[in-house]
Amino acid sequence: MIKLDSKVPAGKLEEKWTNHKFNMKLVNPANKRKYDVIVVGTGLAGASAAASLGELGYNVQAFTYHDSARRAHSIAAQGGINAAKNYQNDGDSVYRLFYDTIKGGDFRSRESNVYRLAEVSNNIIDQCVAQGVPFAREYGGSLDNRSFGGALVSRTFYAKGQTGQQLLLGAYTAMNRQINLGKVKLFTRREMLDIVVIDGVAKGIIVRNLLTGEIEKHSAHAVILATGGYSNVFFLSTNAMNCNTTAIWRAHKRGAAFADPCFTQIHPTCLPVHGEGQSKLTLMSESLRNDGRIWVSKKKQDMRKPNDIPEEERDYYLERKYPTYGNLSPRDISSRAAKEAVDDGRGAQGQDAVYLDFSDAINRLGAKTIEERYGNLFEIYETITGDNPYKTPMKIYPAPHYTMGGLWVDYNLMSSIPGLFVAGEANFSDHGANRLGASALMQGLADGYFVIPYTIGNYLGGDKPTLVKTDHPEFDKVKKEVEDQTAKLLSIKGKRTVDDIHKQLGRYMWNKVGMARNEKGLKEVVEEIKELREEFWKNVNVVGNSNDVNQCLERAGRVADYLELGELMALDALDRNESCGGHFREEYQTEEGEALRNDDDYAYVSAWEFQDVGKWKLHKEHLEFESVKLATRSYK
Amino acid sequence: MGWLSRALNSSIGKKFVMALTGICLILFLVIHLINNLTLFAGPELFNSVVKGLDGIKPLIRVIEVILALIFIFHIYEGVRLWWENKKARPVNYTVNGSSKNSDIFSRTMIWTGSIVFIFLVIHLRTLWVTFNFDPTVHEGHRYYDAVVSAFQSPVYSLFYVVAVVILGFHLNHGFQSAFQTFGWNHKKYFPFIQKLGMIYSTLTALAFASIPIYFLFFFGGK
Amino acid sequence: MNEKKINLTLKIWRQVSPKSPGNFSEYKIAVSPDSSFLEMLDEINNDLESRSLEPIAFESDCREGICGTCGLVINGEPHGPLRKIATCQLHMRNFKDGDTIYVEPFRAKAFPLVKDLIVDRSAMDRIMEAGGFISVNTGSIPDANAIQVPKDIASEAMDAASCIGCGACVASCKNASAMLFVSAKVSQFALLPQGQTERYNRVEAMVKKMDELGFGACSNTYACEAECPKGISVKNIARMNREYFMAKVKSDNVEV
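Now the structure itself:
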């Protein structure tokens, strides 16, 4: 039975983190080397945590299923990272970044966590610059900023269109330094398949060596999961092919509450689907919306080429509906507006797509400036679609991109299993019902560099957990369960391929748990997913064997988890009888079709406790707002 | 001095030795060519130039030894790099796409170099040994006649022409490559170095080739 | 969207394990020109799996050309015939109906084969671990704007830093040399003021590790630059050479 305690420190919002840092238990520097910490995942959150913990003196074991720690999907973030530096003198502050983030999240996140995020945002930029991250600069040599969706100040730092790459490489090099010093031991090509909980405390993990198929046991004093989000439940998303929910889902099944699973972000600027063979969707950085104008034809089923549609027949719907924020409206609003236009039959040349047009910006600033700003993005677009965005407007459409939901964590980023910490996208903590652009990088690095290193010390120094050796019977028991599941998957030998079932699940999720949801659809989809899950366990065909590289088996294990997670997402969406952020329930909208929040009944975090497959118990963490007034989110 | 030996035996160090010896050989070729071009002025000038050099024999011997060492290092390091580089890819590609991403001169340095080496041995035998040790040539200072007689042979002349053209290929890559190895690749200067290398290698090949062609076809064999 | 499919013959390298012999298997497929190369392989694999045959093992992840996981040698060229893209960004509209395409893994002593088209490129991480970092602890840092970097220097460092670590430079080099990869990191830090403190130790340590791991030396053929998905310039190799000489002349290190 889970008891939720957010452990938010007392005191004024601005002082909580400072006070908490002072009140936390410390580990004597000489004792740090006696503690082992496991970090699963080497993206922004994982690598930065591993590096920082190694620097402090802990013995870190870092795990990734990639061949190298540098491949994590953080690398694909294009646009930038927010920080409240106010270098542009345009009125930014920690409080404003906090307020924008909590408002952007439609008031469904914890004030204290979000404030801390804004507070440490500045340290992140300092840290990354010191590591040699080549951020964009002004001619005078100081750091350059750009503006991003959901904000009226320029607070986004960027490195070309490759900010995520540069930040990840910064964390990766910091971790490499610790590997070189022997403080971090890196295990590559290991996929975490379970955690080991002994007497209610996390003591280690079970991983599969993806080269040999061996199931390995690893123990430590504390475990950190930094394994990213679960957008691939939709099959088609902007996540990398291997991104999956397995690590957090198996932790969930061992007792970690899963928070707000239905809060998924559909990113407005992705490339449209080309056909049945599509394997994933490509994101075009949101920064494009700084200079690009989004429009569709005013006429339905307008099959003309975009350049043949005269100005007066174009509907710049974001500028029309939200004059203040216009094309920079937050992601959920922009995505939904695109869907509305397409549902209205006004999609670009009859496709599921809208136009993103740079002709005005090119006329105003010149093609050279646009090339400097977005050259590589334009190249990517042309490579993929064969169209030249300097000449014809881009076609874009929303796609699943980020999951605000994740494992429930307290203020210390510890899950409901003591000793199990969760960082980055894998936790639910900071973005509420919608994440603002350039905030994911910020959160991942905040957790890894500036939060976990403190809070883990508090846990180790306070709880003084013991190290359990891997010959403990519980390790063997969990290992056996993992091996049994592998054997079962391989023994089914049914008719349908793993991808085939995954695609079907993805269609269910996109149609009924996607950008717009309703009670009827959600109830249907719960049943559909259950049926599909049954079919999977009877009729999937997993080729190959378990003691070798077997990518089919890897995918099958992940899809098995999606088939459970998908149901929980639908149940969560069904429970939340309101519209907020990325969660839009068609029954709850204003007359103008805007999201209608219900703060009286739903100002809570839904934290689901796993009881059995298809059976959960809902716990609610009520959100207290002391500093901000809950307002209707308006970007008009 | 272990650090120096380790430095020179590192991948970059070996390239440095190649580049440095290569540049020395490039300079040597310039001097050699100027010397040879005096052939076009007739026997008197050529014979007196060689005779002049003979007059400072001890110095020339020292220079020759240094030159030989430079050659030996260049060849030794070249062969060693080639062998070690081959080992870095034990299994070759079935379809080799290198013609699409690099020019042929850069990929064939070991082969053009080997041909130049064979040429060098024969060339030393035909001319250097004759100049130094053939009593009629050496004592009578009849160097010019020795050259004429060597190029009487169409086979030798043809081989000479082919070899210097291949030397041109070798130089075409080697010239700019040496600067790249030294780290002198700058957007302001490197295009100039590349052009200079192209002009140098073309002129060197043409000028050396003109000698046997002149003696074989235009000198009339008299 | 293009409805017309193109017919291709694929000859794909299959090898169960490093020790067993490998060979080319032939596959015929009709594929949409809008598909990516890897999506075409997905289709083949889905078909193989549906017939209970082992799918072709190949790696990919982001499929946006940034993670560096994918890397196939297509008709003799790493990442295929197009310039400045990774394999995942190669689309089938670049091939003609009736084409035969050879697909091989990256081949280098330092990249031992794992299975089919998968190779082990961890040697590149070993080089990075040897010195490809700036030693700065979390938190012990000045304000970001206290370190001023001229715009052109920052942008040159960024160009070098955009390396995705895919290993195409090694795969395309006739000597399987990792110079472009190593020099990109050396250059990034040599250019920036933050990298100056460890400038000489870094280049010495990284080059030493690179040599130990069995990569070849550079012959300046510049195939690496041509095949690099990020178009990283061989000027970086020149800079690394320079840094190396300076390190040898100036550093106090006699151990390396």
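Chains as they are written, first to last, in this note's numbering: chain A, 1 to 636; chain B, 637 to 858; chain C, 859 to 1114.
Each residue gets a CB set at the ideal place from its N, CA and C atoms; glycine is no exception.
All figures in this text were calculated on a predicted structure; none of them were measured in a lab.
How should residue 675 (chain B) be labelled, buried or exposed, when 16 other C-beta atoms within 10 angstroms of its C-beta is the threshold for buried? Label assigned to residue 675 (chain B): buried.
Using a Cβ-Cβ cut-off of 9 Å, state whether residue 1003 (chain C) counts as contacting chain B. Closer than 9 Å: no.
Can you tell me where the alpha helix (DSSP H) with residue 774 (chain B) in it begins and where it stops? For residue 774 (chain B), the enclosing alpha helix (DSSP H) starts and ends at 771-776.
Separation of residue 62 (chain A) from residue 887 (chain C), as counted between CA atoms: Rounded to the nearest angstrom, the two C-alpha atoms are 41 Å apart.
8 Å Cβ cut-off: residues of chain C touching residue 541 (chain A): The answer, in chain order, is 907, 908, 910.
Under 9 Å between C-beta atoms of residue 1094 (chain C) and residue 816 (chain B): Taking 9 Å as the Cβ cut-off, residue 1094 (chain C) and residue 816 (chain B) do not qualify as a contacting pair.
Less than 9 Å separating the beta-carbons of residue 950 (chain C) and residue 892 (chain C)? Yes.
Using beta carbons (cut-off 9 Å, strictly below), is residue 824 (chain B) in contact with chain C? Chain C, which has no Cβ nearer than 9 Å to the Cβ of residue 824 (chain B), makes this no.
For the segment 432-439 of chain A against the segment 21-34 of chain A, do three or more pairs of beta-carbon atoms, one drawn from each stretch, fall closer than 8 Å, so that the two count as touching? Contact fails between the segment 432-439 of chain A and the segment 21-34 of chain A, because fewer than three Cβ pairs, one in each stretch, are under 8 Å apart.
Over the uninterrupted beta strand (DSSP E) stretch that includes residue 962 (chain C), give me the two end residues. 958-962 is the extent of the beta strand (DSSP E) around residue 962 (chain C).
Taking Cβ positions, are residue 173 (chain A) and residue 81 (chain A) nearer each other than 9 Å? 9 Å or more divides the Cβ of residue 173 (chain A) from the Cβ of residue 81 (chain A).
Restricting to runs no shorter than 4 residues, where is the alpha helix (DSSP H) found entirely within the segment 435-467 of chain A? Look at the segment 435-467 of chain A and you find these whole runs of alpha helix (DSSP H), each 4 residues long or longer: 440-445, 452-463.
For residue 885 (chain C), go through chain B and note every residue whose CB falls closer than 7 Å to its CB, in chain order. Within chain B, not a single residue places a beta-carbon under 7 Å from that of residue 885 (chain C); the smallest gap is close to 16 Å.
Terminal residues of the alpha helix (DSSP H) in which residue 498 (chain A) lies: Unbroken alpha helix (DSSP H) run through residue 498 (chain A): 498-512.
Just the chain B side, please: which residues come within less than 8 Å of residue 1068 (chain C) by C-beta, in chain order? What residue 1068 (chain C) touches in chain B: 647.
Roughly how many angstroms lie between the CA atoms of residue 422 (chain A) and residue 415 (chain A), to the nearest whole one? Residue 422 (chain A) and residue 415 (chain A): Cα-Cα distance of roughly 7 Å.
Check each candidate in C:882, C:1043, C:1083, C:968 and name the one with the smallest Cα separation from residue 1030 (chain C). The shortest Cα separation from residue 1030 (chain C) among C:882, C:1043, C:1083, C:968 belongs to C:1083.
Any C-beta of chain A sitting closer than 9 Å to the C-beta of residue 994 (chain C)? Yes, residue 994 (chain C) counts as interfacial toward chain A.
Segments of 4+ residues assigned as alpha helix (DSSP H) that fall wholly inside the segment 355-404 of chain A: Fully enclosed alpha helix (DSSP H) runs of 4 or longer: 359-365, 367-385.
Does any residue of chain A have a CB that is nearer than 9 Å to the CB of residue 1000 (chain C)? Yes, contact with chain A.
Name, please, each residue of chain A whose Cβ falls closer than 7 Å to the Cβ of residue 1097 (chain C). The contacting residues do not exist; residue 1097 (chain C) stays about 15 Å from chain A at best.
Listing by chain order, which chain B residues have their CB less than 9 Å from the CB of residue 1073 (chain C)? Those within 9 Å of residue 1073 (chain C) in chain B are 647, 724.
Beta-carbon of residue 1076 (chain C) versus every beta-carbon of chain B: anything under 9 Å? Closer than 9 Å to the CB of residue 1076 (chain C) there is at least one CB belonging to chain B.
How far does the alpha helix (DSSP H) with residue 202 (chain A) in it reach, from first residue to last? For residue 202 (chain A), there is no enclosing alpha helix (DSSP H); the enclosing beta strand (DSSP E) covers residues 201-209.
Would you list the residues sitting across from residue 641 (chain A) in a DSSP beta bridge? Outside the shown range of chain A (1 to 636) lies residue 641 (chain A), about which nothing can therefore be said.
Relative to the C-alpha of residue 792 (chain B), which residue among B:832, B:744, B:848 is closest? If we check each option's Cα against that of residue 792 (chain B), B:848 comes out closest.
With distances taken Cα to Cα, identify the nearest neighbour of residue 895 (chain C) among A:154, A:41, A:567, A:277. Taking only the C-alpha atoms, the option nearest residue 895 (chain C) is A:277.
Interface residues of chain C facing residue 793 (chain B) [CB-CB closer than 7 Å]: Under the 7 Å cutoff, chain C gives no residues; its nearest Cβ is about 32 Å from residue 793 (chain B).
Is residue 919 (chain C) helix, strand or coil by DSSP? Three-state result, residue 919 (chain C): coil.
Which partner residues does residue 604 (chain A) have in the DSSP bridge list? Answer is A:622, bridged to residue 604 (chain A).
CB contact below 9 Å: residue 920 (chain C) versus chain A: Residue 920 (chain C) counts as touching chain A.
Straight-line Cα distance separating residue 529 (chain A) from residue 514 (chain A): Cα atoms of residue 514 (chain A) and residue 529 (chain A): separation of roughly 14 Å, rounded to the nearest angstrom.
Status (buried if at least 16 other CB within 10 Å, exposed otherwise) for residue 632 (chain A): By the neighbour-count criterion, in which 16 or more other beta carbons inside 10 Å mark a residue as buried, residue 632 (chain A) falls on the exposed side.
Quick one: using the 10 Å Cβ neighbour count with 16 as the cut-off for buried, is residue 867 (chain C) buried or exposed? The residue is exposed, with fewer than 16 neighbouring Cβ atoms inside 10 Å.
Relative to the C-alpha of residue 1053 (chain C), which residue among A:190, A:246, A:134 is closest? Comparing C-alpha distances from residue 1053 (chain C) to each of A:190, A:246, A:134 shows the shortest one belongs to A:134.
Any idea if residue 911 (chain C) is buried or exposed, counting beta-carbon neighbours within 10 angstroms, 16 or more meaning buried? Around the CB of residue 911 (chain C), fewer than 16 other CB atoms lie within 10 Å, so the residue is classed as exposed.
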